Amino acid sequence: GDPDFALYLRRSFARSMGYSQDMLAKPVIGIADTRSGFNNCHRHFPELIDAVKRGVLAAGGLPMVFPTISLGEVFLTPTSLMFRNLMAMDTE
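When you read off a place in the sequence shown, starting at 1, and then add 603, the result is the number in the numbering used here.
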């Protein structure tokens, strides 16, 4: 398709979510959020993600948090390592 029209659509949707023209001109930095009610190891992630977002903003970027699968070792048998590729594919 038309790359200019595709860019127009992306920016229009982002503007409708409240992002200004200045914010959209910054590099977008993705932050994967793996917290879950099933994974107690990641219960501190909300505070950690807020700190990372502040750092990205201070460095001149636009932080975007996106959810991904959470692998809680306690609830996975025999091990969470069996699902690491699933997590990698979900995050990519």
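Beta carbons are placed, not taken as given, at the ideal position from N, Cα and C, and that holds for glycine.
On a predicted model such as this, the values are computed, not experimentally measured, just so you know.
Measuring straight from C-alpha to C-alpha, what distance separates residue i and residue j?
i: serine 623; j: asparagine 642; result: 35 Å
i: valine 659; j: leucine 651; result: 12 Å
i: phenylalanine 686; j: serine 673; result: 10 Å
i: arginine 614; j: glycine 604; result: 16 Å
What residue from the options has the CA that sits closest to residue i's CA?
i: methionine 667; options: Glu676, Val655 and Leu674; result: Val655
i: glycine 633; options: Arg657, Arg687 and Phe669; result: Phe669
i: glycine 664; options: Pro681, Gly604, His647 and Val631; result: Val631
i: alanine 662; options: His647, Asp625 and Lys629; result: Lys629
i: methionine 692; options: Thr671, Glu676 and Pro681; result: Thr671
i: methionine 690; options: Phe648, Ser619 and Ala635; result: Ala635
i: glutamate 676; options: Ser639, His647 and Phe608; result: Ser639
Is it the case that the Cβ atoms of residue i and residue j are separated by a distance below 8 Å?
i: leucine 610; j: alanine 617; result: no
i: serine 637; j: histidine 647; result: It is threonine, not serine, that sits at residue 637 in the sequence shown. No, the Cβ-Cβ distance between threonine 637 and histidine 647 is not below 8 Å.
Which residue or residues does DSSP assign as beta-bridge partners of residue i?
i: alanine 661; result: Its beta-bridge partners do not exist; DSSP assigns none.
Within 7 Å: the Cβ of residue i and any heavy atom of the ligand MN?
i: glutamate 676; result: Ligands displayed in this structure: none; no statement on the ligand MN is therefore possible.
I'd like the ranges of any alpha helix (DSSP H) spanning at least 4 consecutive residues and lying wholly in the region 625-687.
The alpha helix (DSSP H) runs of length 4 or more contained entirely in the region 625-687 are, from start to end of the chain, 648-661.
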